[in-house]
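Trainee:
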């Protein structure tokens, strides 16, 4: 029994009469509920229509999204640029570029002003430096180290193990190598460890293996030998050498560990103030410099152990580096420790001014320059072609600009495919039959939606509008001077022939590839105009589609007026909901009425039974 506020907590039926009162009332109410069930079915149909319209809206919106970028010249009629040597330059062309050929010679590239410090960041060790002091990049671990000499077949000619402590000097370690190896001697050159063939052994060793799994030290890491290759000898000695001096640091080094006199404050580069903390790492400082408005790029050169800096833009403009703010206060002393400027403001290195790029262009292919371009960047613009300069060339480089026919064809084909998808979907919805469930069968949501919009006048209007735009002819203003007025003229039509009009009925488009490619090759600008030209009085086909779909799918547009919250379907659903609410109240009252009547009948029957029992009892006395 359904919840009914007009009924009490308990109902008694059939006790006196023996009737199945509840069943009788249920049957009566089943008849009474028929109008409510019809309203419920109508409400569900409207819900399905609302959902079906939402799917139509989604299909159209997807097409609108595509049209937004499709109409752009850069997408629809791109240019293709071929360069004879892409190691020297690369090139791109705007859609305004003419189809042409020319030659380019790069005499010089643009460079930006740079500064290279004279000194390294880490202290360059000498022969008296102890092993444990070589902690610029890693913590030194003393112990054993293995050195193997290999012949041309890869056979081990010599296997030498040396042992050293943390207090041993570099000179001590070199002496051990010299004393224990037949083939190698070691030396220290400007802080770099060099292991080379001994005199008389030149060319004997084909390669060298440094380290073994049994080693207990980190010798190769401390001396920066990892990543260094053995240079075979011959007339001279073969050797392997540190990539950088053994005292070099890395970007994880804290500034106050580089030098104890660093303090927090401000530095200025090209007039831009940059805050510095003594607890910053070198990497922190580099990141802060590069993120500033100083228009410079700073980087740590691992092989030089130097902090380099250059302007971002090419040209001769200098780099200014100053310690402290504009008043001279808040100095950090860090620039002195980085070997950029000393405490007097003098540069501690070399400033190399930037240079300009110089390019010659030969327009007629005779091998002589018709014009010369000079620029402070490595990008040169010529006749809507952008040349990206990579390296200097002594030879002429051919540049050919052509229409990218295949790219345009593929884009237009994508347009046709997406249009066909939309128009085909709408045609299907207009003509599909509703699915009727078998007895006891529950339909899927997709099956429920089938046939919901069959023959719908509003959907038919949308279908007709889209098809008419696809098959129609544009009436251009005389000032547009358009060569094409319809898709048919560039090889896009229904494809119907021989008296059949199936595609035309469905609004489908097909492409004549040869005809379309010919139009693109010979009149790409006119092809773009057919699709995407727009002014106050004229619109290309893609623009017409885009505007129509926008007016159809926007808030308050055609579909929203049909299936939106305040649309015709929404208003009808609200009206039905109100009627259902009223009818439910009436049914509850009717059910309460039936129970009241049957209860009164039961009471009467019960009284009659009681009186009959009394009379029977009286006669039996």
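Numbering (my numbering), first residue to last: 1113 to 1733. Cβ coordinates follow ideal geometry from the N, Cα and C atoms, glycine included. Note that the structure is predicted; figures quoted are calculated from it, not measured.
What are the uninterrupted segments assigned as beta strand (DSSP E) that are 3 or more residues long and contained completely in the region 1283-1310, given in chain order?
Mentor: 1296-1301, 1304-1309
Trainee: Does DSSP put residue 1636 in a helix, a strand or coil?
Mentor: Helix at residue 1636.
Trainee: Measuring only the C-alpha atoms, how far is residue 1449 from residue 1375?
Mentor: If you take the alpha carbons of residue 1449 and residue 1375, they lie about 11 Å apart.
Trainee: Quick one: is the Cβ of residue 1503 within less than 8 Å of any heavy atom of the ligand NAD?
Mentor: In the structure on display, the ligand NAD does not appear, and there are no ligands present to speak of.
Trainee: Could you give the distance in angstroms between the alpha-carbon of residue 1713 and the alpha-carbon of residue 1703?
Mentor: Distance from the CA atom of residue 1713 to the CA atom of residue 1703, rounded to whole angstroms, is 16 Å.
Trainee: With burial defined as no fewer than 16 other Cβ atoms inside 10 Å of the residue's Cβ, what is the status of residue 1574: buried or exposed?
Mentor: The residue is buried, with at least 16 neighbouring Cβ atoms inside 10 Å.
Trainee: Helix, strand or coil for residue 1180, going by three-state DSSP, please let me know.
Mentor: helix
Trainee: Indicate the three-state DSSP secondary structure (helix, strand or coil) for residue 1194 in the structure shown.
Mentor: Assigned with DSSP and collapsed to three states, residue 1194 falls in strand.
Trainee: Within the region 1417-1460, note down every full alpha helix (DSSP H) run reaching 4 residues or more, in order along the chain.
Mentor: 1446-1449
Trainee: Identify the continuous alpha helix (DSSP H) that holds residue 1244 and give its terminal residues.
Mentor: That residue, residue 1244, is in no alpha helix (DSSP H); it is neither H nor E in DSSP.
Trainee: Measuring CB to CB, does residue 1184 end up less than 9 Å from residue 1560?
Mentor: no
Trainee: Between residue 1359 and residue 1282, how many whole angstroms is the CB-CB distance? I'm expecting something under 8 Å.
Mentor: About 10 Å; that fails the 8 Å criterion.
Trainee: For residue 1580, does the three-state DSSP call read helix, strand or coil?
Mentor: helix
Trainee: Alpha carbons only, please: which of 1168, 1503, 1311, 1148 is nearest the one belonging to residue 1539?
Mentor: 1168
Trainee: Between 1340, 1139, 1576, 1464, which has its C-alpha nearest residue 1542's C-alpha?
Mentor: 1576
Trainee: Does the Cβ of residue 1464 have 16 or more other Cβ atoms within 10 Å, making it buried, or fewer, making it exposed?
Mentor: exposed
Trainee: Assign residue 1513 to one of three DSSP states: helix, strand, or coil.
Mentor: strand
Trainee: Under 6 Å Cβ to Cβ from residue 1272, same chain only, skipping five residues before and after it: list those, please.
Mentor: 1259, 1292, 1293
Trainee: Please name the residue in 1536, 1602, 1651 whose C-alpha comes closest to that of residue 1592.
Mentor: Checking every option, the nearest Cα to that of residue 1592 belongs to 1651.
Trainee: Assuming residue 1469 and residue 1196 form a contact by the criterion Cβ under 8 Å, report the distance between their Cβ atoms to the nearest whole angstrom.
Mentor: With 8 Å as the limit, residue 1469 and residue 1196 do not qualify as a contact, their Cβ atoms being about 19 Å apart.
Trainee: Based on Cα-Cα distance, which residue from 1322, 1617, 1585, 1697 lies nearest to residue 1602?
Mentor: Scanning 1322, 1617, 1585, 1697 for the CA closest to the CA of residue 1602 turns up 1585.
Trainee: Using a threshold of 9 Å, state whether the C-beta atoms of residue 1590 and residue 1162 are closer than that.
Mentor: no
Trainee: Across the region 1611-1624 and the region 1664-1681, are there enough close Cβ pairs to call them in contact, namely three or more that are closer than 8 Å?
Mentor: Result no; under three Cβ-Cβ pairs closer than 8 Å.
Trainee: Use the C-beta contact count for residue 1406: other C-beta atoms within 10 angstroms, 16 or more gives buried, fewer gives exposed.
Mentor: buried
Trainee: Please state whether DSSP places residue 1128 in a helix, a strand or coil.
Mentor: For residue 1128, the pLDDT reaches just 47, beneath the cut-off of 50, and the residue's location in the model is therefore unreliable, although a value from the coordinates is still provided. Looking at residue 1128 - three-state DSSP - the assignment turns out to be coil, as it is neither helix nor strand.
Trainee: I need the DSSP call for residue 1165, collapsed to helix, strand or coil.
Mentor: helix
Trainee: Quick one: what does DSSP say residue 1585 is sitting in, helix, strand or coil?
Mentor: Secondary structure at residue 1585: coil, using DSSP grouped into helix, strand and coil.
Trainee: In terms of residue numbering, what span does the beta strand (DSSP E) encompassing residue 1672 cover?
Mentor: Residue 1672 -> not in any beta strand (DSSP E); alpha helix (DSSP H) instead, spanning 1670-1675.
Trainee: Nearest to residue 1317 by alpha carbon, out of 1295, 1302, 1311?
Mentor: Nearest of 1295, 1302, 1311 to residue 1317, Cα basis: 1295.
Trainee: Grab the span of the beta strand (DSSP E) containing residue 1215 for me, first residue to last.
Mentor: In the DSSP assignment, residue 1215 falls within the unbroken beta strand (DSSP E) covering 1212-1220.
Trainee: What does a CB cutoff of less than 8 Å around residue 1490 pick up in its chain, not counting 5 residues either side in sequence?
Mentor: 1221, 1222, 1426, 1469, 1500, 1501, 1502
Trainee: The beta strand (DSSP E) with residue 1400 in it runs from where to where?
Mentor: Taken as a continuous stretch (DSSP letters only), residue 1400 belongs to no beta strand (DSSP E), being part of the alpha helix (DSSP H) at 1394-1403.
Trainee: The alpha helix (DSSP H) that contains residue 1658, what's its start and end?
Mentor: Looking at the DSSP string, the run of the alpha helix (DSSP H) that includes residue 1658 is 1653-1665.
Trainee: Name, in chain order, the residues that DSSP records as bridge partners for residue 1472.
Mentor: In DSSP, residue 1472 forms a bridge with 1217, 1484.
Trainee: Who pairs with residue 1268 in a beta bridge, going by DSSP?
Mentor: 1262
Trainee: What's the call for residue 1286, buried or exposed, on a 16-neighbour Cβ count within 10 Å?
Mentor: buried
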